[in-house]
Amino acid sequence: MTATVECESVYRFFHAGDDETLALRGVTMAVQGGETVAVTGPSGSGKSTLLACLAGLDEPDGGTVRVAGERLTRRTEEERARIRSSRIGMLFQSVNLVGHLDVDANLALVQRLAGRNGGAELRTGILERVGIADRASARPSQLSGGELARAGFAVAIVNDPPLLLCDEPTGELDEQSAAGLLDLLSERAEGGGAVIVVTHNPGVADSADRVIRLRDGAIDAGNAP
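Take any residue in the sequence shown, note its place counting from 1, add 3, and you have its number in the numbering used here.
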C-alpha cells in the first residue's frame, strides 16, 4: 500500500555566518491514510522544520518527500504550490485565515487556488460539519478562539486533501475548544485522511495512533517511524 505521505533520509541545514545547524538529520517516516501521527520532541528538535518540508513550504537539502505518490521535493515553487493546494491541508496555531475576508469567502478562496469550484452548498456543508454554519459571514476578528480553530479546520479540508498537517493546533485553545478540535481531527482520520500533528501537549499525543519523537533533528532511537 502506498503511504499518503512519506519522507526518506530528509536533511535540512541552516547557516548563520560560519555556523551550520542540522535541523533535520536523515528523517525517514511514512503515514498511511486513516492514521493520526503525533510528532513530539523538545523545542529545537526539528518538528516545525519537518512539517514545513512535508508541506513543500521548505526544500530539504537532501532526501525525498512524496505526497499521495507524487514527489514534492526538487520541484519548482509553482509545482509545489499546485500539489499543496490540492493534496495538503494545513492547520497552524497562527490560523490559516485571511483577516479581511469572512469565513465563507476564505473557503471559496482556497477552492479557487486549487482550481476547484465546489459551490456555496459544499462550503455550507463543511461549516455545518464543524459546527459554525451560523458564522459563515463573520470575519476572523469576530470569532472566538474555538470558532477560529473550527474555521481554520474547515479551510484546511475544504478541498478534501488526503493529508492534513497541524502545527500546535490546540496551543491557544481552552480545554473544551481543544477537545472539539481533536474530535474533528479524529473524524478526519476515520474518514481515510492522514493526519500529522506537531505538539508539545501530552494529551494530544495520547490521542494519536502513533507518536514519532524527534531529538536533535533525528527520530529518537527505539521510536519506530
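Glycine is no exception: its CB is placed at the ideal position from the N, C-alpha and C atoms.
Collapsing the DSSP output to three states places Gly122 in a helix. The segment 40 to 106 is shown to contain whole beta strand (DSSP E) runs of 3 or more residues at 65 to 70, 91 to 95, in chain order.
Taking a cut-off of 8 Å for Cβ pairs, the segment 130 to 140 and the segment 61 to 75 do not touch, as fewer than three such pairs fall below it. DSSP places Thr31 within a strand segment (E or B) once states are collapsed to three. Taking all protein chains shown into account, Asp107 has 16 or more neighbouring C-beta atoms within 10 Å of its C-beta and is therefore buried. Taking C-beta separations shorter than 7 Å and ignoring five residues to either side along the sequence, the partners of Ala157 in its chain run Leu110, Ile129, Leu130, Val133, following chain order. Sequence-distant partners of Thr5 (beyond 5 residues in either direction) whose C-beta falls short of 6 Å from its own C-beta, in its chain, are Gly72. By the criterion of a C-beta distance shorter than 8 Å, Ile215 is surrounded in its chain by Met32, Val40, Ala41, Val42, Thr43, Ile222, Asn226, Pro228, once the five residues flanking it on both sides are discounted.
In the DSSP secondary-structure assignment, Asp170 is bridged to Phe95, Val201. Within its own chain, the residues whose Cβ lies closer than 6 Å to the Cβ of Val198, once the five positions on either side in sequence are excluded, are Thr39, Leu167, Leu188, Arg191, Ala192, listed in chain order.
Measuring C-alpha to C-alpha distances from Gly196 to each of Arg69, Glu80, His18, Gly92 identifies Gly92 as the nearest. When the beta-carbon positions are compared, Gly49 and Leu75 stay at least 8 Å from each other. By DSSP's assignment, Phe156 forms no beta bridge with any residue.
When the five nearest sequence neighbours on each side are left out, the beta carbons in the same chain lying within less than 6 Å of the beta carbon of Arg213 are those of Val40, in order along the chain. The shortest CA-to-CA distance from Glu80 to any of Leu94, Gly59, Arg90, Asn99 is the one to Gly59.
With fewer than 16 neighbouring CB atoms inside 10 Å of its own CB, Gly206 falls in the exposed class. The C-alpha of Val201 is placed about 6 Å away from the C-alpha of Cys169. In the structure shown, Ala192 falls within a helical segment according to DSSP collapsed to helix, strand and coil.
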